[in-house]
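To start, the structure under review is shown below, and the notes come after it.
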Ligand code: ADP
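Residue numbers (this note's numbering): 1038 to 1305.
Listed below in structure tokens is the structure:
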């Protein structure tokens, strides 16, 4: 097992040598991470929706919540039971669609407990999620990265053998600005970027049916053109999505353009 200390500094060249090997007794074919320039733009929702889309298409899917300080994945799926221990390893709970989920929230004695960790500790926890969880046969492992472009997402990206990255942003100017940093980080670490998703991209007025540009006009096309990253699609602000998420029923929501991900990964 090739395992080293996680790094909080920016040493992408060496990081290629530090990738974790396949976990014992498991086989994970592809790893896709979801990153955002900042928190609150819908990264966890998109990670969950990607896992749902893949599971619906018949793939065996895992979802690793690496957003350690704000883990929200289990709640979206209505998962609350503690994972079972099996021969010193963690057996991940499954969602209704059979997605295997691991998150620190499932292991905390009290799900409201705050986690005040920094990059290296987060990196250590995520490594354990990779190594000590009984994933079994997985076609796609989706990783919900810590938000931003600081040392926490960087350590995770450096240690997991990522095949592709999805960047999620909202139309707010700041989010668009920081997304360029996320793109730079991915290029630095030589992880292929599958594309950009603009979330909270306007809303349809429930009264008059006209589109409302809540955070100003979308700049997603412009950012895509400027950075050379493909715009995968946009998701409007939809009260139904937050309602389903709050109820733990995110598996009932569909985002059609996410079906393209396996093909995009093949072509990379
Ligand atoms: P992040 O992981 O980037 O912090 P979340 O996925 O946790 O963001 O989303 C933050 C909040 O916004 C959640 O309450 C979620 O339900 C809501 N939300 C995200 N995307 C949408 C959307 N397209 N429409 C409505 N609510 C959304």
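Ideal Cβ placement from N, Cα and C applies to all residues, glycine included.
Model, not experiment: these values are computed from the prediction.
Counting along the chain, where does the beta strand (DSSP E) carrying residue i start and finish?
i	result
residue 1232	1230-1236
residue 1138	1137-1140
residue 1193	Here residue 1193 belongs to no beta strand (DSSP E); instead the alpha helix (DSSP H) covers 1188-1196.
residue 1291	It is not in any beta strand (DSSP E) - residue 1291 carries neither H nor E in the DSSP assignment.
residue 1078	Note, residue 1078: premise wrong, no beta strand (DSSP E); not H, not E.
residue 1206	1201-1206
residue 1123	1121-1123
residue 1063	It is not in any beta strand (DSSP E) - residue 1063 carries neither H nor E in the DSSP assignment.
Would you tell me roughly how many angstroms separate the C-alpha atoms of residue i and residue j, rounded to the nearest one?
i	j	result
residue 1215	residue 1266	14 Å
residue 1232	residue 1291	18 Å
residue 1065	residue 1244	47 Å
residue 1346	residue 1148	Past the edges of the chain, shown from 1038 to 1305, lies residue 1346, and the structure says nothing about it.
residue 1117	residue 1129	12 Å
residue 1067	residue 1174	11 Å
residue 1069	residue 1213	21 Å
residue 1163	residue 1099	14 Å
residue 1101	residue 1249	34 Å
residue 1182	residue 1114	18 Å
residue 1204	residue 1222	11 Å
residue 1112	residue 1282	7 Å
residue 1123	residue 1145	18 Å
residue 1075	residue 1143	24 Å
residue 1224	residue 1264	11 Å
residue 1090	residue 1125	31 Å
residue 1200	residue 1303	10 Å
residue 1276	residue 1193	32 Å
Taking 7 Å as the threshold (beta carbon to beta carbon), is residue i in contact with chain C?
i	result
residue 1160	Protein chains in the displayed structure number just one, and chain C is not present.
Whose C-beta lies closer than 8 Å to the C-beta of residue i among residues of the same chain, with five residues either side of it excluded?
i	result
residue 1255	1208, 1235, 1238, 1239 and 1271
residue 1131	1137 and 1138
residue 1080	1071, 1072, 1073, 1104, 1181, 1182, 1184 and 1205
How is the alpha helix (DSSP H) around residue i delimited, first residue to last?
i	result
residue 1270	It is not in any alpha helix (DSSP H) - residue 1270 instead sits in the beta strand (DSSP E) that spans 1268-1272.
residue 1106	First-last for residue 1106: undefined, no H or E at that position.
residue 1298	1298-1303
residue 1257	1257-1264
Who are the Cβ neighbours of residue i in its own chain at under 6 Å, not counting the five residues just before and after it?
i	result
residue 1134	1092 and 1288
residue 1097	1174, 1175 and 1176
residue 1056	1198
Going by beta carbon distance, what residues of the same chain come within less than 7 Å of residue i, once the five residues before and after it are set aside?
i	result
residue 1152	1105, 1106 and 1141
Is it the case that the region 1182-1195 contacts the region 1142-1162, given that we only count it when at least three CB pairs across the two stretches are under 8 Å?
yes
Any beta strand (DSSP E) of 3 or more consecutive residues that is wholly inside the region 1147-1177:
none
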